[in-house]
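Just so you know, the protein sequences line up as chains A, B, C and D, in that order. The working numbering numbers the first residue of the first sequence as 1 and each following residue consecutively. The working numbering numbers the first residue of the second sequence as 1001 and each following residue consecutively. The working numbering numbers the first residue of the third sequence as 2001 and each following residue consecutively. The working numbering numbers the first residue of the fourth sequence as 3001 and each following residue consecutively. The beta carbon of each residue, even a glycine, is placed where N, CA and C say it ideally should be.
4 protein chains.
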Amino acid sequence: MSNSYGKLFRITTFGESHGPAVGVIVDGCPAGLDISHEEIQHALDRRRPGQSDITTPRNEDDKVTILSGVFEGKTTGTPIALAVNNRDQHSHDYSHIQHAFRPSHADYTYTAKYGTRDYRGGGRSSARETVARVAAGALAIKLLQKYGISVNAYVSQVGKVKLRKHYTKLDLSKIDANKVRCPDGKTAARMIGVVEEARDNLDTIGGVVSCVIQGVPAGLGEPVFDKLHAELGKAMLSINAVKGFEYGSGFEGVSMRGSEHNDQFYTDEAGNVRTRTNNSGGIQGGISNGQDIYFNVAFKPVATILQPQQTINDAGEDITLKGKGRHDPCVLPRAVPIVDAMAALVIADFIMRQQANKV
Amino acid sequence: MSNSYGKLFRITTFGESHGPAVGVIVDGCPAGLDISHEEIQHALDRRRPGQSDITTPRNEDDKVTILSGVFEGKTTGTPIALAVNNRDQHSHDYSHIQHAFRPSHADYTYTAKYGTRDYRGGGRSSARETVARVAAGALAIKLLQKYGISVNAYVSQVGKVKLRKHYTKLDLSKIDANKVRCPDGKTAARMIGVVEEARDNLDTIGGVVSCVIQGVPAGLGEPVFDKLHAELGKAMLSINAVKGFEYGSGFEGVSMRGSEHNDQFYTDEAGNVRTRTNNSGGIQGGISNGQDIYFNVAFKPVATILQPQQTINDAGEDITLKGKGRHDPCVLPRAVPIVDAMAALVIADFIMRQQANKV
Amino acid sequence: MSNSYGKLFRITTFGESHGPAVGVIVDGCPAGLDISHEEIQHALDRRRPGQSDITTPRNEDDKVTILSGVFEGKTTGTPIALAVNNRDQHSHDYSHIQHAFRPSHADYTYTAKYGTRDYRGGGRSSARETVARVAAGALAIKLLQKYGISVNAYVSQVGKVKLRKHYTKLDLSKIDANKVRCPDGKTAARMIGVVEEARDNLDTIGGVVSCVIQGVPAGLGEPVFDKLHAELGKAMLSINAVKGFEYGSGFEGVSMRGSEHNDQFYTDEAGNVRTRTNNSGGIQGGISNGQDIYFNVAFKPVATILQPQQTINDAGEDITLKGKGRHDPCVLPRAVPIVDAMAALVIADFIMRQQANKV
Amino acid sequence: MSNSYGKLFRITTFGESHGPAVGVIVDGCPAGLDISHEEIQHALDRRRPGQSDITTPRNEDDKVTILSGVFEGKTTGTPIALAVNNRDQHSHDYSHIQHAFRPSHADYTYTAKYGTRDYRGGGRSSARETVARVAAGALAIKLLQKYGISVNAYVSQVGKVKLRKHYTKLDLSKIDANKVRCPDGKTAARMIGVVEEARDNLDTIGGVVSCVIQGVPAGLGEPVFDKLHAELGKAMLSINAVKGFEYGSGFEGVSMRGSEHNDQFYTDEAGNVRTRTNNSGGIQGGISNGQDIYFNVAFKPVATILQPQQTINDAGEDITLKGKGRHDPCVLPRAVPIVDAMAALVIADFIMRQQANKV
C-alpha cells in the first residue's frame, strides 16, 4: 500500500513502463471544478519524452483518457481515473537486462523485496510512473488556481552550473522559454551545454530543481508530523532520482546565528502580516505564514548510461553490462512538471485538511 | 489528525510545553518484546534539558511512566502509553509573550490556523513534544536490536565547524563521549567553542546531525510514494527546527556524472551482494539494498534569543520583544536522540510492512 | 494499529482493565470548542460501574483528568489527552483464570494472536476500554450540539422483553429516568425484572440498544466504502459484546416489496425536502438525506457468569472454571452511553469530512 | 477519499454506470501469486447482468482487462489495475430522470452532497461499481486458497421465504446449481417463485445473503476498533442495498442467557482447540478462534420499480416518475459474488496485518 499519496486529495497510481498503460485514480477532488482534457494533456506534454534534443529521443505522445469522475466538463466529486496507454510495449528486447542488476537501478532491490521483478525496462521503478503524477497534478493545479495559488518549478542547477539569482529576481513566466527550463536565458544556455557534453560522452548529469509557491494563505500545514515542509519533502523525495530537499534557508542556514536568521514580523500598508526576511521559506512551525514558500530538490545523475559497466547478474556472477537504448542524459528539464505536480498535490491536500477544521 | 506517525508501528503524541504532561501511545508494537522502564528513561535522559552547560540550564528530570501495554516486562501487543509529567507548569509568567508574535516561532501561524493558541511557552509547537518521540523511539530501537540493526546519529556540523571525516572513519561508540555529541574529539571541542560563543553573545547557532543506520536487510521501503528515504526525510523534517534532508551523495551528488555516481555491484567472499561505492546511501528505488544507510539533517539556529527583537503583537502593532528565560543556544546535542528515535521508528515500521508482504 | 477510530476526528485509546490507567487521545477536534471537565465526567458517570443494583456492584468513580489540548476552557486544535486511573489495580487475585480460557471470552484468541496475554481481568479485551470512548465521545457530542444534532440511544430490548413502540412515540428525555435506560416506564419495569431474574440465577442476559440521531443535515457520509451506515455499523460492532447492526427497515425490510419500501419525497411547507416514510433510516446511497437516522444494535449476554463452566486451560486440559467476582448481569444499561459516544464520533468525523469538500 | 478499502490489501475503485469504464487498483497484493485472466473473468461472470431470467435482462459481457501488476502469470507486488469497459454508455435517454429525485435512490443525497450529480443511470451510486469489487475479490480469493480458506456466500432468504437449515446441513458446492444461488433446491424453487411474482407485478423484493468462511486460523482480526466482525460488517454494509449485518448468534442471541450462549472450549482428538457450540460465529473479542465464521447480510428490495411513483424534481415540485428500463427484480442472486468478494478482501487484509505482527 504505497502507491497512494495524500490524505483528502488522494491519488493512487498504477502501471509499469512496459505494461499496457499507466494511470491514476484521483479520489477526493472536490466537485464542481472545471477541467478539460486539454489542461491535463498540456501538463503531460511538458513531461513527455522526445520533447527536445536534450531529453530522450524516444518519442511517445502520452495521450490521456479520462475514464471517470468528470461529467459535462466538471468534476463530480467521485473518483477521477486517468489512463495513458504505453506504446509499443511488446516491441523491445530486454534479454540483456533480464538477469542483470543494473548499477544504481532498482533491479536488485525489487528482486530482494518481491522475489521477482518485471525486467522490461524498469517495470514499476521506471520514472514512467510519474506520468500518473503529472496527470493528477493538473487537477490539483486547477484547484489551486481557484485560491490564487501558483506553483513554479524551474531548473536552478545542472552539474556545476548554478543559477545564482534569487527567485525574486527571475521572470517565472520564462520557465518554458528554453528547453532546459531555467528562466534565466544565459544560465540556461550554459546548462544546455553541460547536458550536451554529458550526452555526447555517453554519460549523464544531475542537478537541482527549485520551486516557488505563491499565494498560499497563512494556516496550511499541520503541526507535529504532517508539517507542510515535511509533506513537501516527502513528496519530492518520492520522485525518482531525488537525493535531497531543503526549504527556506536550508543547509546554508545552519551556519547562521539566530539573530540573523529570525524573520521579523511587520504589518504592511494593506494591514497584512509580513516578514522582512524569509529564511523561514514561508513556513513556521510546519504551518504556512502567508509568505512565499520556496525549496530546492536535488536530482542525481540518471543511472542509465550508454557506457559499459561492471556489475553482477541475479546468480551473483560478475558481468559487463552494455549500455543501449534511448535515455535522458539529464532528467532535470522533464522533472520540472513533476515537481510542479507533487507540490500542487501537497498544497491541495492541505487546503482540504484546513477546510475540515473550519467546522 | 497530524499527531500520529507510522503505518503499522504507529505513534500518537500529545501534550504541550506547559500542560500537565506530554506523552505518547505506541500502537502496533509487536508482542513479546522485552522492555524495561530504564531503557525508555535512558533515551529520555539523553534528551533532557539541563544535561550540560551548552544546553538550556532549565533542569527537568523527565521521568517516564508506563501506563499500559507492558506486562511482566514484555510488550503485550496492545497500545503502550507513556507519559512524562511537566514540572512547574503553572509557575511562570507569560505575559510578555501572550500577545506577541515571536520572530520565526509558530505563534503567528498557530493563531492563523486555529484562531487561538496556548501562549504558555510554545504550547504544542514547543520542542517539548519530542519527549514523546524519544520515549516511543526507545521501543523501536529495542525492536531493531532483535534484527541486528543499529542507529547512530551524531553532530557533524555546528555553525561553520564541519566534521570532514566520513562516518566510516569515526568511532560511533564515542558519540556520547562529549557534551556536543560529535564522535571526533577535536572537532567536538571546536563545536563546543562555537556554541559557547553563541551563548555568551545571547545568540543561537544551527548545525547538522548525521545519522548512520547499519544492518538493515535488503528489501525495506516501499516503491513509489513511501520510499524508504522519503519516509526518513519526512520523519526528520517533522522535527522542530529542521530545514533540510539529504541522503547518500545528497546535494553534492548533483554535479557528478552518472558514470562516477553509479554504485557497482559485486559479490563479496561470503556471497553477499555489495556495492563498491555507496553514493546510493543504502537505498535504490526507495528500497534498502543492504548497504549502510546514511543521511544529513539541517537544523536552523534556535529562534528564541535573549536579545531584544522587533516584531508585532496580535493587534498588528510594532513591539520590541525582550528575550528572557532559559533556552538552548544550540539544539544539536539534544537533537541527536530525537534523530535516533525518528530513524528507528521509520525502520521499525518498514520492517513490519515488509513482514506483511511475506504471506 | 487498531486502537484508533475516525479519519479526521480521530481517537486513539489505551489501557487495560488492571493497568494504571485507561485513556484516549482525541486528535483532530476543532479548535475553539467550549468543553468543561464536568461535561466529560457526566458522560463517564452514565457509564460507570456500581451505578445501580442491576449493574456490577463493583464501585469505581472513574474520575477523568484532562492532560492536554484544552486551554482556558476551550479546545486549542491540538490533541486532547484524557486519562482515568484504574483503582486497586493490584489488589485482586487472578490465579483462577491465569491459565484458563474462559468460554466466549477473548482469552484464547488473544493468546493465539499475541502469544501472550495480560490475564488480569480481560486486560485489553475488557469493556473497561470503553471508558476512553465515552470520554472522547463527550467532545464529539459537544461538537454536534453546535450543529443542532442530537444522539439518543436507549434500551429497546432485554432478553425477550421488547419495546414495541416506534421511537417517534417515545419521550427521549426520559431515557435516564430509570436504571435500565428504556424511556417507556412500563417496559422498563419488565426489563428490570428480566435482569434481576438473570442476576439472581447467577446468569446474564442480552438485549438491544436502539439509537436515534436527529438534526443531521443532508450530505453527510461518503459514497462507496465509507457509507454513513457502514461506518455506524463498524463503530457499533466494535463495541464489546455486539453481534449485529441494522438501520432503517433493517432485517424486517427484506420481506417488503420495493413499492412498499420506497420512501416518497415531498417538499414540506417550509420548503424542505422530506420523505413520507423513512424505511431508509435517514440514509440513501450511504449519504444522509436529512431525515432521522435510526438503528439497532444487538448485544449478546455477558460471558462472565457466576456459575461453574467446563472449559480448557492453556495446556489444552479440561477444567471446571468457577465463576466469581462482581460483574454485570446485563450490559445494556451501561452500553447506552457507549452507543451514544460512538455514534457521535462517527457523525463528528463525517461533518469534518464533508466540510473538507467545501473548498 | 472513500473509494478505497483495506489497510494492507487495499483496493481503490473508480467508474460510474455510464462512463467509459469501471475498474479498480489493487495495491498491496503480495508478489508471486498465480492469477489468470480467466479466474478474474469467472468471478465477474457470476455477477454479470443478464445471466438468468430472474435478473435484469440487460445483457453485458463485462470483459476484464489487466492493465498492470501481473507479469508472466504472477503478481509482481506492484499495483494491479483492472478495468471493464461499459458498453453503449452513450446510447440511452435519461431525460426522464435528469431532474427527478427517484424514491430511495441516491439522486437527492448526491445532489445535496456534491451540488451536482451524474444523472445517467445512478452514476457512481449505481451497483455497477461492484464490478470493481468482484474483480479485486478474485485476487483475494486466490490468496485465501493458499491458506486453505474458503468463502461461501449463498441466498438464505427471499421475501418471506427463508432457508431454515443451518449451513452445516447444506451442500455448499451446490450454490451455483440454480439461478437464485440457494444451495437447497426446494427452497430455491420457492425463492424463484417469489422473484418471478415480484417481477411480474413490476415490483421488487429483498432478501438475505448468508456467508460461511472456513479454514480461518485463530488470531486474525484486531482488538478494539478493527475487530474482525466489525470490518466484515462495514464491508457488507458498504454494498449497495444492504440494511443489516449480524454474525454468529446475531439478533437472536440477545434473548439467550449467558449460560446458554457461551461456547465451551475443548481439545479435539487432533489436539486442536475447538468449541462445542459456535454462537460466537468464529470470533471472540474481535479475533478469529479457528471455528467457522458465519454471518447474515440483509438486502432491501431494489428501489427501481417499473411502476409509476410520486416524488419531486430538483426544483422541489411534485412529479410522477414512470418506471422504465431493464432492472433486477431482486438483487440477491447477483449479490452473492459481491459478498464473497468483500468477505475475501477483509480476510486477506487481516492475514497480512497478522503477518506484520510476526516480526
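Environment of residue 2021(C) [buried if 16+ CB atoms lie within 10 Å]: In the third sequence, the residue the question calls residue 2021(C) occupies position 21. Counting C-beta atoms within 10 angstroms of its own C-beta, residue 2021(C) has 16 or more neighbours from the protein chains shown and is therefore classed as buried.
Residue 1164(B): contacting residues in chain A (beta-carbon distance under 7 Å): Your numbering for residue 1164(B) matches position 164 in the second sequence. Those within 7 Å of residue 1164(B) in chain A number zero; the least Cβ separation is about 15 Å.
Inter-residue spacing [alpha-carbon to alpha-carbon] between residue 2343(C) and residue 1080(B): As a position in the third sequence, residue 2343(C) is number 343, starting the count at 1. As a position in the second sequence, residue 1080(B) is number 80, starting the count at 1. Looking at the two C-alpha atoms, the distance is approximately 26 Å.
Inter-stretch contact (C-beta, 8 Å, three-pair minimum) for the stretch 2227 to 2234 of chain C and the stretch 3284 to 3293 of chain D: With the cut-off at 8 Å, the stretch 2227 to 2234 of chain C and the stretch 3284 to 3293 of chain D do not touch.
Distance cut-off 7 Å: residue 2218(C) Cβ against heavy atoms of the ligand ZN: Absence of the ligand ZN is noted for the structure shown, with no ligands found whatsoever.
Interface flag, residue 2262(C) vs chain D, CB-CB below 8 Å: What you label residue 2262(C) is simply residue 262 of the third sequence in a count that begins at 1. By this cut-off, residue 2262(C) is an interface position.
Nearest to residue 71(A) (by Cα), restricted to the options 358(A), 36(A) and 112(A): Position 71 of the first sequence, counting from 1, holds the residue named residue 71(A). Distance from the Cα of residue 71(A) is smallest, within the candidate group 358(A), 36(A) and 112(A), for 36(A).
Nearest candidate by alpha-carbon position, reference residue 2160(C), set 2244(C), 2311(C), 2008(C) and 2301(C): Sequence index remark: in the third sequence, residue 2160(C) carries index 160 (1-based). Among 2244(C), 2311(C), 2008(C) and 2301(C), the Cα nearest to that of residue 2160(C) belongs to 2301(C).
Same chain, Cβ closer than 6 Å to residue 1239(B), neighbours up to 5 away in sequence not counted: Residue 1239(B) sits at position 239 when you count from the first residue of the second sequence. These residues qualify, in order along the chain: 1338.
Distance between residue 140(A) and residue 331(A) (C-alpha atoms, nearest Å): Within the first sequence, numbered from 1, the residue matching residue 331(A) stands at position 331. Within the first sequence, numbered from 1, the residue matching residue 140(A) stands at position 140. For residue 331(A) and residue 140(A), the distance between alpha carbons rounds to 23 Å.
For residue 1268(B) and residue 1174(B), the rounded distance between their alpha carbons: Counting from 1 along the second sequence, the entry for residue 1174(B) is found at position 174. Counting from 1 along the second sequence, the entry for residue 1268(B) is found at position 268. Rounded to whole angstroms, residue 1174(B) to residue 1268(B) spans 29 Å at the Cα level.
Beta strand (DSSP E) runs contained entirely in the stretch 143 to 227 of chain A, provided each spans 3 or more residues: Considered as a whole, the stretch 143 to 227 of chain A harbours 150 to 158 and 207 to 214 as its complete beta strand (DSSP E) runs of no fewer than 3 residues, in chain order.
Cβ-based neighbour list, residue 1003(B), same chain, cut-off 8 Å, excluding 5 preceding and 5 following: Within the second sequence, residue 1003(B) is the residue found at index 3, counting from 1. Hits under 8 Å: 1012, 1013 and 1014.
When 206(A), 147(A), 311(A) and 222(A) are compared against residue 1255(B), the one with the closest alpha-carbon: As a first step, residue 1255(B) is located in the second sequence; it is residue number 255 there, counting from the start. Comparing Cα positions, the closest option is 206(A).
Residue 2298(C): first and last residue of the uninterrupted beta strand (DSSP E) it sits in: Here residue 2298(C) is taken as the residue at index 298 of the third sequence, counted from 1. Where residue 2298(C) is concerned, the enclosing beta strand (DSSP E) starts and stops at 2293 to 2299.
Straight-line gap, residue 3296(D) to residue 3237(D) (C-alpha atoms, nearest Å): Walking along the fourth sequence from the start, residue 3296(D) turns up at place 296. Walking along the fourth sequence from the start, residue 3237(D) turns up at place 237. Straight across, the Cα-Cα distance linking residue 3296(D) with residue 3237(D) is about 11 Å.
Stretch-stretch touch, CB-based, cutoff 8 Å, three pairs: the stretch 2103 to 2123 of chain C with the stretch 2047 to 2061 of chain C: No, they do not touch.
Residues bridged to residue 1257(B) [DSSP beta-bridge criterion]: Here residue 1257(B) corresponds to residue number 257 of the second sequence, with the count starting at 1. Residue 1257(B) has 205(A) as its beta-bridge partners, per DSSP.
Three-pair Cβ contact test at 8 Å for the stretch 196 to 204 of chain A versus the stretch 1211 to 1219 of chain B: Too few Cβ pairs lie closer than 8 Å, so no.
Stretch pair the stretch 3133 to 3149 of chain D + the stretch 2243 to 2261 of chain C: three plus CB contacts closer than 8 Å: No: fewer than three Cβ pairs fall under 8 Å.
Chain D contacts from the stretch 19 to 39 of chain A (Cβ-Cβ distance under 8 Å): From the stretch 19 to 39 of chain A, only 19, 20, 21, 22, 23, 25, 27, 28, 31 and 32 have a Cβ closer than 8 Å to chain D.
Option in 1307(B), 1199(B) and 1293(B) with minimal Cα separation from residue 1052(B): What you label residue 1052(B) is simply residue 52 of the second sequence in a count that begins at 1. Ranking the options by Cα distance to residue 1052(B), first place goes to 1199(B).
Residue 3113(D) - containing alpha helix (DSSP H), residue span: As a first step, residue 3113(D) is located in the fourth sequence; it is residue number 113 there, counting from the start. Here the alpha helix (DSSP H) through residue 3113(D) covers 3107 to 3114.
Positions along the stretch 3318 to 3332 of chain D whose CB lies within less than 8 Å of some CB in chain C: For the stretch 3318 to 3332 of chain D, which is checked against every Cβ of chain C, the residues closer than 8 Å are 3318.
Cα-Cα separation between residue 1069(B) and residue 1076(B), rounded to whole angstroms: Here residue 1069(B) is taken as the residue at index 69 of the second sequence, counted from 1. Here residue 1076(B) is taken as the residue at index 76 of the second sequence, counted from 1. Rounded to the nearest angstrom, the two C-alpha atoms are 6 Å apart.
Interfacial residues, the stretch 1124 to 1147 of chain B to chain A, with Cβ spacing under 7 Å: Flagged, chain order: 1124, 1125 and 1129.
Sequence-distant residues of the same chain with beta carbon closer than 6 Å to residue 1130(B), five excluded per side: In the second sequence, the residue the question calls residue 1130(B) occupies position 130. Cβ neighbours of residue 1130(B) beyond the five flanking positions: 1338.
C-alpha distance - residue 2280(C) paired with residue 3102(D), whole-angstrom precision: The sequence position of residue 2280(C) within the third sequence is 280, counting from 1. The sequence position of residue 3102(D) within the fourth sequence is 102, counting from 1. Going from the Cα of residue 2280(C) to the Cα of residue 3102(D) covers about 13 Å.
Residue 221(A) versus residue 1303(B) - alpha carbon distance: On the first sequence, residue 221(A) is found 221 positions in, with the first residue counted as 1. On the second sequence, residue 1303(B) is found 303 positions in, with the first residue counted as 1. Rounded to the nearest angstrom, the gap between the Cα atoms of residue 221(A) and residue 1303(B) is 20 Å.
Residue nearest to residue 177(A) in terms of C-alpha spacing, selected from 315(A), 341(A), 46(A) and 327(A): Here residue 177(A) refers to the residue found at position 177 when the first sequence is read from its first residue. Minimum Cα distance to residue 177(A) is reached at 46(A).
Contacts of residue 3118(D) in chain C (Cβ-Cβ under 7 Å): Numbered from its first residue, the fourth sequence carries residue 3118(D) at position 118. By Cβ distance, chain C contributes nothing, its closest Cβ being about 12 Å from residue 3118(D), past 7 Å.
Cut-off 7 Å between Cβ atoms - residues of its own chain near residue 1350(B), not counting five sequence neighbours on either side: Along the second sequence, one-based indexing puts residue 1350(B) at 350. Cβ neighbours of residue 1350(B) beyond the five flanking positions: 1220, 1221 and 1228.
Host beta strand (DSSP E) of residue 2309(C) (start-end): Walking along the third sequence from the start, residue 2309(C) turns up at place 309. Per DSSP, the unbroken beta strand (DSSP E) holding residue 2309(C) starts and ends at 2309 to 2313.
Rounded separation between residue 312(A) and residue 10(A) - CA only: Within the first sequence, residue 312(A) is the residue found at index 312, counting from 1. Within the first sequence, residue 10(A) is the residue found at index 10, counting from 1. Rounded to whole angstroms, residue 312(A) to residue 10(A) spans 39 Å at the Cα level.
Test item: CB-CB of residue 2192(C) and residue 2347(C) under 8 Å: Translated into positions along the third sequence, residue 2192(C) becomes position 192. Translated into positions along the third sequence, residue 2347(C) becomes position 347. No, the Cβ-Cβ distance between residue 2192(C) and residue 2347(C) is not below 8 Å.
Boundaries (first-last residue) of the alpha helix (DSSP H) holding residue 2349(C): Position 349 of the third sequence holds residue 2349(C). Looking at the DSSP string, the run of the alpha helix (DSSP H) that includes residue 2349(C) is 2332 to 2357.
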